[in-house]
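Asks: Handing you a structure now.
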Amino acid sequence: MSTNNFIQKATSTPGTFVDSLIFEPGTLGTNTVLLQVPVGASGVATIYVEGIVSASHPGIRLDKDDSDKAHTQLLKWSIDDEVRWGVGMDTSNIDFVSVFEPAHGDIFRFSPGGHAILGPGVSSPTGDATLELSGTMDGQNRQLALRGELKGGEVEALQVSTRLFPSNGNAAFGVLIQPSFQEGTSSQHPRFSSLEVRPPSISLGSPTTATLFDAVSLYISGAPSATVDSGGGNYAIYVGGGTSRFDGMIDLSHISAGSAELKVTATNDSTRVVSWATTETFKVSAPPAGYIKITVGSDSRFIPFWA
1 MSTNNFIQKA
11 TSTPGTFVDS
21 LIFEPGTLGT
31 NTVLLQVPVG
41 ASGVATIYVE
51 GIVSASHPGI
61 RLDKDDSDKA
71 HTQLLKWSID
81 DEVRWGVGMD
91 TSNIDFVSVF
101 EPAHGDIFRF
111 SPGGHAILGP
121 GVSSPTGDAT
131 LELSGTMDGQ
141 NRQLALRGEL
151 KGGEVEALQV
161 STRLFPSNGN
171 AAFGVLIQPS
181 FQEGTSSQHP
191 RFSSLEVRPP
201 SISLGSPTTA
211 TLFDAVSLYI
221 SGAPSATVDS
231 GGGNYAIYVG
241 GGTSRFDGMI
251 DLSHISAGSA
261 ELKVTATNDS
271 TRVVSWATTE
281 TFKVSAPPAG
291 YIKITVGSDS
301 RFIPFWA
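Spelled out as structure tokens, the structure:
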């Protein structure tokens with residue numbers, strides 16, 4: 001060992017570094033310290049890797065024996081000699097692996113194909129998602145939570161702008177929501193819903209001169225304008241089946257005359273779902289703001305309404 005604390009060749013000129021350093025633990029215990037890097041005056045232990053221009057892969061390399069399939073960790077972090085975190089590689093599928101010991105096993109895996117999986121006790125990614133959240137989490141209420149603050153121009157907590165290319169004859173979805181629920185063993189569940197939208201919490205700055213025109217829990221800016229086959233359509237909302245329930249008011253007062261209509265179609269007079277009267281008891285002299293069109297078979301009726 002030289003006075004500058006570098007490991008050197010025994011027969012070399014002082015100041016010349018060794019070409020390689022090989023440790024052979026032999027019969028030493030598994031926790032034997034083979035290399036200890038002292039902490040400097042700044043409180044940081046530094047390992048310096050000198051770049052070599054002619055080398056194709058300069059740096060520190062950890063090489064794992066391919067015959068060891070049971071252990072993935074190449075680096076481990078411990079507290080008072082008790083291992084907590086480890087990182088390494090699964091040689092059976094070349095996954096990068098992060099492990100927490102001893103409670104959860106594999107926490108994070110990243111495959112060579114660019115697929116990542118996160119969660120307690122996860123296995124290799126399935127390959128059908130770029131990022132997958134998996135594992136069993138007891139005592140947790142959320143699998144993903146977006147928190148913090150965003151400040152800027154128009155801000156969005158979550159944006160989905162992926163360009164989709166479905167194969168021939170297949171549907172495509174910007175977001176597919178299809179959870180599964182398991183009922184408890186007692187008491188009444190108030191509600192199971194695939195998607196629940198609650199009113200936002202809106203506060204004013206202090207002091208402020210800003211105003212707000214509309215506050216909305218769910219806003220749809222419009223319907224698509226695609227070229228569709230005969231019998232199809234462009235819809236802002238499409239309810240494919242089931243009963244739609246509205247406990248609050250349905251406000252049609254903002255419909256301009258001739259720009260929109262509420263259409264109710266039945267197959268014949270006996271199955272009509274909206275009825276009307278012929279009397280003009282409630283007729284007013286002011287012109288209506290628009291009309292509600294009701295179609296029964298081929299027979300249409302127009303009901304005026306006022307803003």
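Mapping of the sequence shown onto our numbering: residues 1 to 307, in sequence order.
For each residue, glycine too, the CB sits at the ideal point set by N, CA and C.
Distance, Cα to Cα, Gln-159 vs Tyr-238?
Replies: When rounded, the distance between both Cα atoms is 22 Å.
Asks: For Ser-193, which residues of its own chain have a beta-carbon under 8 Å away from its beta-carbon, when the five flanking residues on both sides are left out?
Replies: Cβ within range, chain order: n/a, list empty.
Asks: Consider the C-beta atom of Leu-74 and the heavy atoms of the ligand HEM; say whether any pair is separated by less than 7 Å.
Replies: As for the ligand HEM, it is missing from this structure, which has no ligand bound.
Asks: Which same chain residues, not among the five before or five after Ser-217, have their C-beta less than 8 Å away from its C-beta?
Replies: Contacts found: Val-197, Arg-198, Pro-199, Pro-200.
Asks: Would you say Phe-100 and Phe-110 are within 8 Å of each other, going by their C-beta atoms?
Replies: Their beta carbons are not under 8 Å apart, which means Phe-100 does not touch Phe-110 by this criterion.
Asks: Once the 5 residues before and after Gly-135 are set aside, which same chain residues still bring their CB inside 7 Å of it?
Replies: Cβ neighbours of Gly-135 beyond the five flanking positions: Gly-119, Pro-120, Gly-121, Val-122.
Asks: Residues in its own chain within less than 7 Å of Gly-113 by CB, not counting five upstream and five downstream?
Replies: Closer than 7 Å at Cβ, skipping near neighbours: Gly-127.
Asks: Using DSSP with H/G/I as helix, E/B as strand and the rest coil, what is Leu-204?
Replies: Coil, per DSSP.
Asks: Ordered along the chain, which non-local residues of its own chain (more than five positions away) have a Cβ less than 6 Å from that of Gln-143?
Replies: The residues are Leu-133.
Asks: Would you report the Cα separation of Asp-68 and Asn-141, rounded to the nearest angstrom?
Replies: If you take the alpha carbons of Asp-68 and Asn-141, they lie about 38 Å apart.
Asks: Can you name the start and end residues of the beta strand (DSSP E) that Ile-107 belongs to?
Replies: Where Ile-107 is concerned, the enclosing beta strand (DSSP E) stretches over 105–110.
Asks: Report the rounded CA-to-CA distance for Asp-65 versus Pro-166, giving the unit in angstroms.
Replies: Whole-angstrom Cα-Cα distance: 42 Å.
Asks: Identify, in the order they occur along the chain, each residue of the same chain with its Cβ nearer than 7 Å to the Cβ of Ala-129, setting aside the five sequence neighbours on each side.
Replies: Contacts found: His-115.
Asks: Do Ser-124 and Asn-93 have their CB atoms nearer than 8 Å?
Replies: Their beta carbons are under 8 Å apart, which means Ser-124 touches Asn-93 by this criterion.
Asks: Hey, out of Gly-241, Ala-226, Gly-240, whose CA is closest to Asn-234's CA?
Replies: Of the listed residues, the one whose Cα sits closest to Asn-234 is Ala-226.
Asks: What whole-angstrom Cβ distance do Gly-248 and Ala-236 have, given they're in contact under 8 Å?
Replies: Contact flag wrong, Cβ pair sits at about 19 Å.
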